[in-house]
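Q: In my numbering, the protein residues as written are 5 to 126.
For each residue, glycine too, the CB sits at the ideal point set by N, CA and C.
Note that the structure is a prediction, hence the values are computed from the model and not measured.
Sharing a structure here in structure tokens format.
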């Protein structure tokens, strides 16, 4: 995993980390691995580690906000649960809902540490 529960708690403060924080961090790390698949980088480099940690907590935050850790709701156009309501436009060009948060992708992209990383939207 690229981040710790302590990293997540620091990012979410003053809100506490959820009870399933370890699982969310693991899923988020896998989403980042998928986005970086095929790119060469030094996982031992402290700058790379810090960037991956920052991206990971942003990915978890996005997953928490969507209330969808598994991606099962990625094809839902709209739904309501209790006081929460979600609505999404269908992705253009037949694409699918992104599996990586744009905030996590931004961290990876602007770091300059992952040559060849391209974030496509739309």
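(1) With H, G and I counted as helix, E and B as strand and the rest as coil, what does DSSP make of residue 55?
(2) If you compare alpha carbons, which of 120, 33, 106, 64 is closest to residue 6?
(3) Could you have a look at residue 34 and say whether DSSP puts it in helix, strand or coil?
(4) Rounded to the nearest angstrom, what separates residue 53 and residue 62 at their Cα positions?
(5) Using C-beta distances below 6 Å, list every residue in its chain close to residue 108, excluding the 5 sequence neighbours before and after it, in chain order.
A: Taking the structure as given:
(1) Taking the chain shown and counting its residues from 1, the one referred to as residue 55 is at position 51. Residue 55: helix per DSSP, three-state reduction.
(2) Position 2 of the chain shown, counted from the first residue, corresponds to residue 6. Closest by alpha carbon: 33.
(3) Start at 1 with the first residue of the chain shown, and residue 34 comes out as number 30. It is helical.
(4) Your numbering for residue 53 matches position 49 in the chain shown. Your numbering for residue 62 matches position 58 in the chain shown. The alpha-carbon atoms of residue 53 and residue 62 are separated by roughly 14 Å.
(5) Taking the chain shown and counting its residues from 1, one reaches residue 108 at position 104. Once the five neighbours on either side are set aside, the close Cβ partners of residue 108 are 59, 62, 63.
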